[in-house]
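Read through the structure below, which is laid out as structure tokens, and then see the notes.
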Amino acid sequence: MKYSALVAVTLLAASSLGMPELFSGASKAAPGQIIVTNNMNRPLRLEKGEGQTIILHQGQTVQVAAAETSADLWVSEQNAKQRQAEVSYSGGDEGTYNFSIMPAEGSGGFPGAIEAIPLSPRPSPRCHPLVWYPGQGNTQQSTCQDRTPLRVFFREAHHLELV
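Numbered according to mature numbering (1 follows the signal peptide of the UniProt record, and there is no 0), the sequence shown spans residues -20 to -1, 1 to 143.
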């Protein structure tokens, strides 16, 4: 009886403290890091969270910490008035996280192609690269094991044409 009361109090406290993963069993998995390269012929603005803005020049590569359970990495041309596209991830189940690429709502669209490649030591059919092109809707979702870093490339759209 004491044990069940203790469990009930723990679950109630976890949910009220904003820790739904303890209450619902959701995963805390994340990429750990996202390595981003700008292969476009123009500077880009990256935004992650509030106040984290990076200007990424042509040919430049940066590493972005990605330890949160859920986050969006927004991209736009440096002088664009609004966000244009995003690489988004969130914790999945059983030690996995899901990621996808999508256009920003209400934007005129990002002019380049975005390629996100999981750097997985244990490739699986569920953990696969995604490519997004201008004018496309959301990509499908890819599911990877916790701490599988993502390698993201921004390219001129014609650089990824199928041969």
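Don't be surprised by glycine CBs; every beta carbon is placed ideally from N, CA and C.
Task: Ser80 vs Gln13 beta-carbon contact at 8 Å - done: no
Open item on the list: Give me the DSSP bridge partner(s) of Glu27.
Closed with: Thr33, Trp54
Task: For Pro83, the first and last residue of its enclosing beta strand (DSSP E) - done: 76 to 83
TODO: Just mark Ser50 as buried or exposed, buried being the case when its beta carbon has 16 or more other beta carbons within 10 Å.
DONE: exposed
Task: Exposed unless 16 or more other CB atoms sit within 10 angstroms - verdict on Pro103 - done: exposed
- [ ] Measure the alpha-carbon distance for Ala84 versus Gly117 and round it to whole angstroms.
- [x] 10 Å
- [ ] May I ask you to report which of helix, strand or coil DSSP gives Ala137?
- [x] helix
Task: Nearest neighbour of residue 152, chosen from Pro109, Glu136, Thr128 [CA to CA] - done: Shown here, the chain extends from -20 to 143; a query on residue 152 therefore has no answer.
Task: Secondary structure of Tyr113, DSSP reduced to three states - done: coil
Task: Simplified DSSP assignment, three categories, for Ala46 - done: strand
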